[in-house]
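Undergrad: Take this structure first; my questions come after.
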Amino acid sequence: MNPSTAVALSPFLHQLSALNCARSIACECVRTRDLLTGLTLHAQLLRSPTAPPFLFVFNLHVSLYAKCGHLNQACICFNQIPWPNAFSLNAMLAAYVSEGLVHRARELFNETAQRDVVSWNTLIAGYARMGYESGALGLLSTMIDSNETVDGFTISGAISACSSERQGKIVHALGVCLGLTVYVSVSNALITMYSGCGLLDDGIQVFVEMRERDEISWKAMIVAYGQHRCGLEALGLFQEMVRVGVRLDMYTLASVLTCYSNLEDLNGGRHFHGVLIKSGFDSNGHVASGLIDMYSECGRRNDAYKIFDSIPCRDLVLWNTMIMGFALNERPEEAIGVFRELLRVGFEPDGCTLVCILSACSDLSLPLQGRQVHALVAQYEPHLSRHLVVGNALVSRACRICGNVELGAEAASQLVALEPHNAAGYVMLSNMHAEAGQWHEVAAIRKMMRDKGVKKVPGCSWIEVKNKLHVFVVEDSYHPMIDTIYQFLESISGKMRDLGYVPDVR
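The C-terminal position of the sequence shown is numbered 579 in the working numbering, with every residue numbered one higher than the one before it.
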């Protein structure tokens, strides 16, 4: 290069070097969420005459402020950009979505012309995250009508928003038509969606047909098995996951613990607890919560409390799990004690907390405490009684303490309206009418379930004999000793009838 040319270019090269350095530092600050270093860099860029605030630097700082929870500062930074581009918009949309302000994200989205597929995907994912199915699917429809590019992230976000089988299958069909179901993220979303809609077999089919799987795929399938109380299948899949060398995380391990809880397999759970101790995962909050749940389900409330007591920094999930653990073991006094301690240390109960403590107070000997806790529902969350989980607890308590079939039936009807494909509300309603001898209503509810295609998960029981778990479902015919078992059951049932025993089959 000619020396004179080099001299002439040197200020620009110096500026470019400073800019590249600033860009690298800003990117690292965003990745590590190092706000202090990011603020220092931002101030230096604003003061430096050789490093003016170029667009991409401002974009990176919008992301930095947003990811560090400083939404107002992110807005100020965004508004200082003279001509924001799609990256600027996407950074701000992600900031609003991460704070749950989807309506503000939509307003900004509508006001700005600089949109790309990431902008659409961010907003669809935001709607899905907040449970706004109509918002997500409506935006997807607008996207298609506008001939915008739809990619795998668009479809996976829309699938995540689907709460019904019908809508989920429509979006699935759209993904097939566009050739986007080959993406791992789409298949992962389908597994979760089908499981949530009670269609475990459809989720299994998606998993089996996947050409490639990531750790989220395995975790989604294990969670799906756990949700449908297929503990043995989930544990078998976990063993296969370990065999093929998939990386394990705390969420997967917590899901495995849930399987041991569902199976009430204390020996297996203890063995897995030992594995967790060796791997150093036992002190993790998610895993500790799973351990508390597992020991509580297996009737070992003291072991559960030891784990709870050993965790120095407890989040609300841990408190809720411990309260529910005492409730499961019919120890309402201890549950109320933990609840009072939770309030004393400054936690604000959420819907799950109130469900757990209401469940504990459903004991007939504690109606006063139950009414006191029930009053907290209105105190902390005026609209919590509309939530399905709280409704379940209130229905249970109304039936067990008040014996008020009309009140229980009204609440259960609301549960059915909230989740028409969930069998729980129908079963509660049917059981209440059966307890009252209202068999015509029971028959009507069962017909309604058949007409709507709602299926109750078959009853399941298990027993461990010589370190081997034997699982049985209704009308089971797959156990290798099934003929011998049925012969024995017939024999013992006959002897019970001879002694005058008449089972209550209501």
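Built from N, CA and C at the ideal position, the CB exists for glycine as well.
With distances taken Cα to Cα, identify the nearest neighbour of Leu108 among Leu133, Lys351 and Leu128.
TA: In the sequence shown, residue 108 corresponds to position 35, counting from 1. Checking every option, the nearest Cα to that of Leu108 belongs to Leu133.
Undergrad: In the DSSP assignment, find the unbroken alpha helix (DSSP H) run with Cys148 in it and report its ends.
TA: What you label residue 148 is simply residue 75 of the sequence shown in a count that begins at 1. It spans Leu144 to Asn152 - the alpha helix (DSSP H) in which Cys148 sits, taken as one unbroken run.
Undergrad: Is Leu114 buried or exposed, if buried means 16 or more other CB atoms sit within 10 Å of its CB?
TA: Position 41 of the sequence shown, counted from the start, is the residue given in the question as residue 114. The residue is buried, with at least 16 neighbouring Cβ atoms inside 10 Å.
Undergrad: Leaving out five residues before and five after Phe280 in sequence, what residues of the same chain have Cβ atoms less than 6 Å from its Cβ?
TA: The count along the sequence shown starts at 1 and reaches residue 280 at position 207. For Phe280, where only same-chain residues beyond five positions count, the Cβ hits under 6 Å are Ile264 and Met294.
Undergrad: May I ask you to report which of helix, strand or coil DSSP gives Ser352?
TA: As a first step, residue 352 must be located in the sequence shown, where it is residue number 279. Three-state result, Ser352: helix.
Undergrad: Val191 to Thr222, Cα distance in whole Å?
TA: Counted from its first residue, the sequence shown places residue 191 at position 118. Counted from its first residue, the sequence shown places residue 222 at position 149. So the two alpha carbons sit approximately 10 Å from each other.
Undergrad: Please return the same chain residues whose Cβ sits closer than 6 Å to the Cβ of Ser362, not counting the five positions on each side in sequence.
TA: Position 289 of the sequence shown, counted from the first residue, corresponds to residue 362. Cβ within range, chain order: Val390, Leu391 and Thr394.
Undergrad: Please classify Glu313: is it buried, with 16 or more other beta-carbons within 10 angstroms of its beta-carbon, or exposed?
TA: For this step, residue 313 is matched to residue 240 along the sequence shown. By the Cβ-count criterion, Glu313 is exposed, with fewer than 16 other Cβ atoms from all chains shown falling within 10 Å of its own Cβ.
Undergrad: Around the Cβ of Lys140, are there at least 16 other Cβ atoms within 10 angstroms (buried) or fewer (exposed)?
TA: Within the sequence shown, the letter at position 67 stands for residue 140. By the neighbour-count rule (16 or more Cβ atoms within 10 Å), Lys140 is buried.
Undergrad: Helix, strand or coil for Phe561? Go by DSSP, reduced to three states.
TA: Here the question's residue 561 lines up with position 488 in the sequence shown. Looking at Phe561 - three-state DSSP - the assignment turns out to be helix.
Undergrad: Find out if the Cβ-Cβ distance for the pair Leu213, Ile197 is shorter than 8 Å.
TA: Taking the sequence shown and counting its residues from 1, one reaches residue 213 at position 140. Taking the sequence shown and counting its residues from 1, one reaches residue 197 at position 124. Yes, they are a contact pair.
Undergrad: Between the Cα of Met216 and the Cα atoms of Asp274, Glu407, Asn183 and Lys525, which residue gives the shortest distance?
TA: Start at 1 with the first residue of the sequence shown, and residue 216 comes out as number 143. Ranking the options by Cα distance to Met216, first place goes to Asn183.
Undergrad: Within 10 angstroms of its Cβ, does Pro125 collect 16 or more other Cβ (buried), or is it exposed?
TA: Reading the sequence shown from its first residue, position 52 is the one you call residue 125. The predicted position of Pro125 is uncertain, since its pLDDT is 48 and thus under 50; a value taken from the coordinates is nonetheless stated next. Exposed: under 16 other Cβ atoms inside 10 Å.
Undergrad: For Leu437, does the three-state DSSP call read helix, strand or coil?
TA: In the sequence shown, residue 437 corresponds to position 364, counting from 1. Because the pLDDT of Leu437 is 47, which lies under 50, any placement of that residue in the model is unreliable, and the number read from its coordinates should be weighed accordingly. Coil at Leu437, not helix or strand.
Undergrad: For Met554, which residues in the same chain have their Cβ closer than 7 Å to its Cβ, ignoring the five residues on either side in sequence?
TA: On the sequence shown, residue 554 is found 481 positions in, with the first residue counted as 1. The answer is none, since no qualifying residue turns up.
Undergrad: Since Phe226 contacts Ser258 with CB under 8 Å, what's their CB separation in whole angstroms?
TA: For the purposes of this step, residue 226 is identified with residue 153 of the sequence shown, where counting begins at 1. For the purposes of this step, residue 258 is identified with residue 185 of the sequence shown, where counting begins at 1. Yes, they are in contact, since the Cβ atoms of Phe226 and Ser258 sit about 6 Å apart, within 8 Å.
Undergrad: Is the Cβ-Cβ distance between Gln102 and Leu137 less than 8 Å?
TA: Numbered from 1 along the sequence shown, position 29 holds the residue referred to as residue 102. Numbered from 1 along the sequence shown, position 64 holds the residue referred to as residue 137. A small correction: the amino acid at residue 102 is Cys; Gln does not occupy that position in the sequence shown. In contact: Cys102 and Leu137 (Cβ atoms closer than 8 Å).
Undergrad: How many whole angstroms separate the CB atoms of Glu370 and Ser328, which I take to be in contact at a CB cut-off of 8 Å?
TA: As a first step, residue 370 is located in the sequence shown; it is residue number 297 there, counting from the start. As a first step, residue 328 is located in the sequence shown; it is residue number 255 there, counting from the start. With 8 Å as the limit, Glu370 and Ser328 do not qualify as a contact, their Cβ atoms being about 14 Å apart.
Undergrad: On the criterion of 16 or more Cβ atoms from any shown chain inside 10 Å, does Phe561 qualify as buried, or is it exposed?
TA: Within the sequence shown, residue 561 is the residue found at index 488, counting from 1. Answer is exposed; the Cβ neighbour count stays below 16.
Undergrad: Could you tell me whether the Cβ atoms of Ala159 and Gln187 are closer together than 8 Å?
TA: One-based indexing of the sequence shown puts residue 159 at position 86. One-based indexing of the sequence shown puts residue 187 at position 114. Contact: yes.
Undergrad: With the cut-off set at 8 Å, would you say Ile396 and Ile430 are in Cβ contact?
TA: In the sequence shown, the residue the question calls residue 396 occupies position 323. In the sequence shown, the residue the question calls residue 430 occupies position 357. Yes, the pair counts as a contact, with Cβ atoms nearer than the cut-off.
Undergrad: State the DSSP-derived secondary structure class of Ser236, mapped to helix, strand or coil.
TA: In the sequence shown, the residue the question calls residue 236 occupies position 163. Ser236 falls in the coil class under three-state DSSP.
Undergrad: Look at Leu364 and Leu330 and say whether their C-beta atoms are less than 8 Å apart.
TA: If you number the sequence shown from 1, residue 364 lands on position 291. If you number the sequence shown from 1, residue 330 lands on position 257. A contact, by the Cβ cut-off of 8 Å.
Undergrad: Rounded to a whole number of angstroms, what is the C-alpha to C-alpha distance between Thr195 and Ile558?
TA: Looking up residue 195 in the sequence shown gives position 122. Looking up residue 558 in the sequence shown gives position 485. The straight-line gap from Cα to Cα measures roughly 56 Å.
Undergrad: Check the C-beta distance from Tyr298 over to Glu306 and give it rounded, since I have them as a contact under 8 Å.
TA: Looking up residue 298 in the sequence shown gives position 225. Looking up residue 306 in the sequence shown gives position 233. The Cβ separation is near 5 Å, so the contact holds.
Undergrad: Tyr324 and Lys351 look like a contact to me (Cβ under 8 Å); what is the Cβ gap, rounded to whole Å?
TA: As a first step, residue 324 must be located in the sequence shown, where it is residue number 251. As a first step, residue 351 must be located in the sequence shown, where it is residue number 278. At roughly 19 Å, the Cβ-Cβ gap does not stay under 8 Å, so Tyr324 and Lys351 are not in contact.
Undergrad: Leaving aside the five residues before and after His456 along the sequence, list all residues of the same chain whose C-beta is less than 7 Å from its C-beta, in chain order.
TA: For the purposes of this step, residue 456 is taken as the residue at position 383 of the sequence shown. Because the pLDDT at His456 is just 49, under 50, the model does not fix this residue reliably, and the value given afterwards should be weighed accordingly. Within the same chain, His456 has no close Cβ partners at all.
Undergrad: Using 8 Å as the cut-off, can you tell me whether the region 234-252 makes contact with the region 264-279, which would need three or more C-beta pairs spanning the two stretches below that distance?
TA: yes
Undergrad: Once you ignore the five residues that flank Ser161 on each side, which residues in its own chain have a CB closer than 6 Å to its CB?
TA: For this step, residue 161 is matched to residue 88 along the sequence shown. Counting only Cβ-Cβ distances below 6 Å, and skipping sequence neighbours, we find Asn132 and Ile154.
Undergrad: Hey, out of Cys150, Met283 and Leu336, whose CA is closest to Gln300's CA?
TA: If you number the sequence shown from 1, residue 300 lands on position 227. It is Leu336 whose Cα lies nearest to the Cα of Gln300.
Undergrad: How many angstroms separate the CA atom of Gly372 from the CA atom of Trp193?
TA: Here residue 372 refers to the residue found at position 299 of the sequence shown. Here residue 193 refers to the residue found at position 120 of the sequence shown. In a straight line, the C-alpha of Gly372 is about 49 Å away from that of Trp193.
Undergrad: Residues in its own chain within less than 6 Å of Leu326 by CB, not counting five upstream and five downstream?
TA: By 1-based counting over the sequence shown, the position of residue 326 is 253. Excluding sequence neighbours, Leu326 sits near Phe354 and Val360.
Undergrad: Sorted by chain position, which residues of the same chain lie with C-beta nearer than 6 Å to Phe151's C-beta, five sequence neighbours on each side aside?
TA: What you label residue 151 is simply residue 78 of the sequence shown in a count that begins at 1. Around Phe151: Val135 and Met165.
Undergrad: For Ser432, is the classification buried or exposed, using 16 other Cβ atoms within 10 angstroms of its Cβ as the cut-off for buried?
TA: Along the sequence shown, one-based indexing puts residue 432 at 359. Burial call: buried.
Undergrad: Just to check my reading of the structure: Val515 and Ser503 have Cβ atoms closer than 8 Å, yes? What is that Cβ distance to the nearest angstrom?
TA: The residue labelled residue 515 in the question sits at position 442 within the sequence shown. The residue labelled residue 503 in the question sits at position 430 within the sequence shown. Indeed they touch by this definition, with Cβ atoms about 5 Å apart.
Undergrad: Mind checking Met569: buried by the 16 CB within 10 Å criterion, or exposed?
TA: Reading the sequence shown from its first residue, position 496 is the one you call residue 569. Looking at its Cβ environment, which holds fewer than 16 other Cβ atoms inside 10 Å, Met569 is exposed.
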